[in-house]
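Asks: Reading the sequence shown from the start, the letters are residues 45 to 460 in the working numbering.
Idealized CB from N, CA, C, for every residue including glycine.
Computed from a predicted model, the values in this text were never measured in an experiment.
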Amino acid sequence: MKRSIWRFLAVILVILSSAASLHAETGKALPKGMTPEKLEKSVNRQLKYIDDRLLSGKSARQIEESGNASAIAILQNSRKERDRIAEQIRQGKLEASYWALQDLGKSLRTAMKMVRAKDIAAKKIKDDMESARIASDAYYNRAKQRKIDKGDGGPEALEFFQRAQKARNEANRLVIAKDYKSAMAVFLDSSRLLQKAIALSKKKRSGSRPKQADNRAAPVTEKKFTPKEKKTLPKGMTPKKLKKSVARQFKYISTRLLAGKSAKKIEQSGNKKAIAILERGRKTIKSIAAQIERGQHEAAYWAMQDLAASLKEAMALSRAKERAAKTIADELETAIAVSDAYLERARQRGIDKGNGGLNALDLYRRAEKERADGKEMKSQGNLKCASKAYQLSSAFLMRSISAARKWRADNKAATK
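Written out as structure tokens, the structure reads:
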């Protein structure tokens with residue numbers, strides 16, 4: 045249905061231009077200085093150009109081979125119109141022929157634009173595919189740097205990496221087959237899989253996040269560490285072994301968890317919950333010491349088990365800031381890798397030399413400025429802002445590449 049409507053509109057366009065050619069358009073003024081002699085030369089030159097360049101040769105062949113029904117209809121009707129204009133010229137109606145040739149030229153250029161629209165769309169898809177491949181390559185290299193492919197990120201991360209690798213192989217096969225749209229989609233999928241693999245690798249290396257421990261962070265009393273239910277001691281735990289175990293645990297908690305390096309880290313972390321647990325733990329250890337003195341070794345055993353768990357959780361909470369900083373550092377490295385890939389792509393296209401037009405060059409320079417800012421912020425230790433700067437540079441480079449593509453397409457169309 046749509047094709048029929050386009051064909052109808054194309055025919056109407058040509059008919060209207062034909063009608064205009066049969067009568068001189070008195071409302072239009074010929075260019076200044078257009079003498080009868082110059083007019084005759086201009087008409088003959090236009091007719092020759094339309095004959096040689098638009099109604100035959102490469103342009104006409106492109107329209108005929110395009111399969112675009114509307115463009116083909118314009119071409120066929122234009123050939124008939126050309127004959128009518130030639131008859132006008134023979135009759136000496138040069139001014140009418142001049143304007144008719146102007147309209148005919150516009151109609152044929154419209155047909156060429158219809159044909160090129162498909163080529164431009166195909167070129168855009170290819171460029172978008174290249175951008176997707178660049179991003180996938182950056183994430184792939186980042187994953188390999190982390191040795192996820194060697195299993196260092198854990199089995200789940202390795203599985204995602206292998207799925208991404210399989211997707212990339214499939215995408216490369218589609219590129220060879222010139223199915224760029226499908227290849228782009230598969231490259232994007234591979235990037236998502238690689239991002240998941242990297243995230244899982246980060247989680248494994250930093251350890252699982254501490255659970256919310258509101259109950260543990262509540263005021264600790266001796267009652268909390270005294271078992272409410274009868275618990276069974278480990279098999280073979282004689283009273284003598286129990287006494288030794290309690291003494292060993294007490295020494296470990298007192299010297300390793302409540303004092304020394306571990307306690308210092310908690311105090312310096314600035315984490316209020318972790319510090320509160322540490323302070324309560326120091327009070328609790330005194331009540332446990334009293335239990336031991338009274339010979340309540342079993343109660344002291346279970347109380348120290350709970351106390352050690354709380355203190356280890358306090359350590360996990362104190363490391364949260366360190367883990368967050370590590371995550372930001374990893375995100376920055378990924379942002380740099382992606383930005384580097386787009387920068388290389390832009391330079392390959394000569395955008396930095398002005399080969400993509402002024403708009404593309406301006407966007408390229410803005411990207412370079414963001415990259416310079418990112419580098420400076422990284423050197424100052426402001427990794428979060430540096431990451432954002434590199435991400436922004438990637439966005440500018442993508443827009444620059446797109447602007448360069450449009451500039452080249454427009455230039456190509458203008459020269460034809």
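(1) Identify the continuous alpha helix (DSSP H) that holds Q424 and give its terminal residues.
(2) Mind checking which residues open and close the alpha helix (DSSP H) that includes P75?
(3) Under 8 Å by Cβ, that's how I've got L407 and R443 pegged, so tell me the actual separation to the nearest angstrom.
(4) Tell me which same chain residues have a C-beta within less than 8 Å of the C-beta of I242, skipping the five on either side of it?
(5) If you draw a straight line from the C-alpha of L387 to the C-alpha of E174, how long is it?
(6) Note the first and the last residue of the continuous alpha helix (DSSP H) segment covering K462.
(7) Taking C-beta to C-beta, are L441 and A416 nearer than 8 Å?
(8) Spell out a yes or no on whether the segment 342-354 and the segment 221-237 are touching, meaning 3 or more CB-CB pairs, one atom from each, closer than 8 Å.
(9) How is R449 classed by DSSP in three states: helix, strand or coil?
(10) Determine the direct distance from the alpha carbon of G394 to that of G77, and round the result to whole angstroms.
(11) Going by alpha carbons, who is nearest to I129 out of S180, A368, L148 and A448?
(12) Would you kindly work out how many angstroms separate the C-alpha atoms of R212 and F231, rounded to a whole number?
(13) Measure the C-alpha to C-alpha separation of K397 and V382 and round it to an integer number of angstroms.
(14) Rounded to the nearest angstrom, what separates I321 and K248 at their Cα positions?
(15) DSSP three-state label for N455, please.
(16) Here's the rule I'm using: 16 or more other beta-carbon atoms within 10 Å means buried, otherwise exposed. How should Y142 be labelled?
(17) Give me the Cβ distance between A115 and A155, rounded to the nearest whole Å; I'm assuming they're in contact under 8 Å.
(18) Are the beta-carbon atoms of A352 and I310 separated by less than 8 Å?
(19) Consider the Cβ of A241: report whether some Cβ of chain D lies at a distance smaller than 8 Å.
(20) Can you tell me the Cβ-Cβ gap for S313 and K365, rounded? I've got them flagged as a contact below 8 Å.
(21) So, L83 versus L119, is the Cβ gap smaller than 8 Å?
(22) Among residues of its own chain, excluding the 5 on either side of R207, which ones have a beta-carbon nearer than 7 Å to its beta-carbon?
(23) Contact check, L302 vs I319 under 8 Å by CB: the rounded distance?
(24) What is the C-beta distance between A390 and I445, in whole angstroms, given that I count them as a contact (C-beta under 8 Å)?
(25) If you run the structure through DSSP and keep just helix, strand and coil, what is R236?
(26) Grouping DSSP H, G and I as helix and E and B as strand, with all else coil, what is A241?
(27) When burial is assigned at 16 or more other CB atoms within 10 Å of the CB, is S161 buried or exposed?
(28) Flag this pair as yes or no: are the beta carbons of S362 and N315 separated by less than 8 Å?
(29) Candidates L277, M158 and I133: which alpha carbon is nearest E109's?
Replies: The relevant details are as follows:
(1) Unbroken run through Q424: none, as it is neither H nor E.
(2) Segment: none, P75 is in no alpha helix (DSSP H) and carries neither H nor E.
(3) 5 Å
(4) Y183, R186, A187, R190, I192, G197, A201, D374 and T378
(5) 13 Å
(6) This structure leaves residue 462 out entirely; the chain is present only between 45 and 460.
(7) no
(8) no
(9) helix
(10) 43 Å
(11) L148
(12) 6 Å
(13) 22 Å
(14) 26 Å
(15) helix
(16) buried
(17) 4 Å
(18) no
(19) Given the protein chain composition of this structure (a single chain), no chain D is represented.
(20) 6 Å
(21) no
(22) L237
(23) Actually they do not touch by this definition, with Cβ atoms about 12 Å apart.
(24) 6 Å
(25) helix
(26) helix
(27) Before going on, a small fix: residue 161 reads as Ala here, not Ser. Exposed: under 16 other Cβ atoms inside 10 Å.
(28) yes
(29) M158
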